[in-house]
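Sequences listed follow chains A and B, in order. Take the first sequence: its position 29, counted from the start at 1, is 29 in the numbering used here, and no numbers get skipped. Take the second sequence: its position 75, counted from the start at 1, is 1075 in the numbering used here, and no numbers get skipped. Glycine is no exception: its CB is placed at the ideal position from the N, C-alpha and C atoms. No experiment lies behind these values; they were computed from the predicted model shown.
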Amino acid sequence: NAGVMQNPRHLVRRRGQEARLRCSPMKGHSHVYWYRQLPEEGLKFMVYLQKENIIDESGMPKERFSAEFPKEGPSILRIQQVVRGDSAAYFCASSLLRGGTGPNYGYTFGSGTRLTVV
Amino acid sequence: LAKTTQPISMDSYEGQEVNITCSHNNIATNDYITWYQQFPSQGPRFIIQGYKTKVTNEVASLFIPADRKSSTLSLPRVSLSDTAVYYCLVMTNTGNQFYFGTGTSLTVIP
């Protein structure tokens, strides 16, 4: 049972290009979360999705950022017209149940995608 | 969204026990306390979770006093490979997101 798979591990984009980050949750997990981590900082929540639905996108910038979790395939975090300030590590986590508490607790994180905007 | 406060950094010698304390003064009744470990260039990894009193697993122990406004992660006999950032989170089964804070950067010295 593979863990949370994120790809690519490293992504370099020029300013103004688009970045697409993919996340395949653990088998059986239908809850996906995206977090962003700037250098020397903790992880900041961006968006929480269930299959085909965005549940909470309160942490995601209103412009240029979007996320989806289609019925089939991985979750995608899309950043349009990237700027240098978008350079960060983007982590995806998945869980079996919402909230991560109780017998089926735990969020499993992927290894992240490191986006560098040049 | 319950926030947490931890020391920014700690140093310890190999073989010693390390205790990292976290404050979560506005923890709610349904909240659990969870600790994650993060190595450079990797995603956070679950260590332990508890609600009250003491929880122990093969990696660590978690001590939670009766008022639950703080918790202490205890790592027995640390090794160099335990050098990492440790995050204390307050999690709820009705929540969508968690506050990671800046974590505690633990450095184990030979």
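- In the pairwise beta carbon analysis, the region 1044-1054 of chain B is classified as not touching the region 1006-1020 of chain B: fewer than three pairs are separated by under 8 Å.
- The residue from Pro-74(A), Lys-71(A), Tyr-90(A), Gly-73(A) with its alpha-carbon nearest to that of Met-60(A) is Tyr-90(A).
- Listed along chain B, the residues sitting closer than 8 Å to Ile-55(A) by beta-carbon distance are Asn-1096.
- Per the Cβ contact rule, the region 40-49 of chain A is in contact with the region 1094-1107 of chain B (3 or more Cβ pairs under 8 Å).
- For Thr-1104(B), the closest alpha carbon among the candidates Pro-1065(B), Asn-1025(B), Tyr-1036(B) is that of Tyr-1036(B).
- Contacts with chain B (Cβ-Cβ distance below 7 Å) from the region 40-54 of chain A involve Glu-41, Gly-42, Leu-43, Phe-45, Tyr-48, listed in chain order.
- Look at the beta carbons and you see the region 15-29 of chain A touching the region 70-83 of chain A: at least three pairs across the two are nearer than 8 Å.
- By alpha-carbon distance to Val-1078(B), the top candidate from Lys-1003(B), Glu-1017(B), Thr-1056(B) is Glu-1017(B).
- Nearest Cα to Arg-1068(B) within the set Pro-1076(B), Val-1090(B), Thr-1056(B), Leu-1075(B): Val-1090(B).
- Distance from the CA atom of Gln-81(A) to the CA atom of Phe-65(A), rounded to whole angstroms, is 9 Å.
- The continuous beta strand (DSSP E) containing Gln-1038(B) extends over residues 1032-1038.
- The continuous beta strand (DSSP E) containing Glu-68(A) extends over residues 65-68.
- When the alpha-carbon of Val-4(A) is set against those of Ser-94(A), His-31(A), Tyr-48(A), the nearest one is in Ser-94(A).
- Listed as beta-bridge partners of Phe-109(A) by DSSP are Ala-93(A).
- Taken atom to atom, the span from the alpha-carbon of Asp-56(A) to that of Ala-1060(B) is near 32 Å.
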